[in-house]
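First comes the structure, then the notes that go with it.
Numbering (the working numbering), first residue to last: 888 to 1052.
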């Protein structure tokens, strides 16, 4: 009698046995690229397109800095997409160090939060408090997440000789 292993209960593996990106990684990247998300959402408005941007970023300089900082999150998202396809292979060493890129983006976002606090004269505002809370929890996630750690190590498991036809 043969025994087959059934891994159907493991939902974090794809059909090829590779670890899927954690959903919180996508949420973190969307948070870090929120300037771009707001910019794209503002393009869908028919009336005053800058009104939506002013709700989240009253200062124009804060919005431009958020776009600049969010560009790093967009680039990391593209690397995650490349990992899902397992190509191009030259991105492999960059992918392994993705956690450092996320740390850098969180630090930049913290500096931008400090600048927004300065522009608001350090008065309490819910959006700033929410940003600080998300920044705090994202830092804990980067430190403690085992699944993210395993995901970032998964691309290394493949033998480059097997990938070439």
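Glycine included, C-beta positions come from ideal geometry on N, C-alpha and C.
- Where residue 974 is concerned, there is no enclosing alpha helix (DSSP H), because DSSP gives it neither an H nor an E.
- Proximity to residue 1029 across 1016, 1003, 993, 1000 peaks at 993, based on C-alpha coordinates.
- The distance from the Cβ of residue 923 to that of residue 954 is about 6 Å, consistent with a contact at the 8 Å cut-off.
- Closest in C-alpha terms to residue 1007, from the list 966, 946, 912, comes 946.
- By the neighbour-count criterion, in which 16 or more other beta carbons inside 10 Å mark a residue as buried, residue 974 falls on the exposed side.
- No Cβ-Cβ contact shorter than 7 Å links residue 948 with residue 940.
- A check of alpha carbon separations from residue 1001 across 990, 987, 962, 1016 identifies 1016 as the nearest.
- The residues 906, in chain order, have a CB closer than 7 Å to that of residue 1037 in the same chain once the five nearest residues on each side in sequence are set aside.
- Leaving aside the five residues that flank residue 997 on each side, the residues in its chain whose CB is nearer than 8 Å to its CB run, in chain order, 1022.
- With respect to the 7 Å criterion, residue 985 and residue 1039 are classified as neighbours on the basis of their beta carbons.
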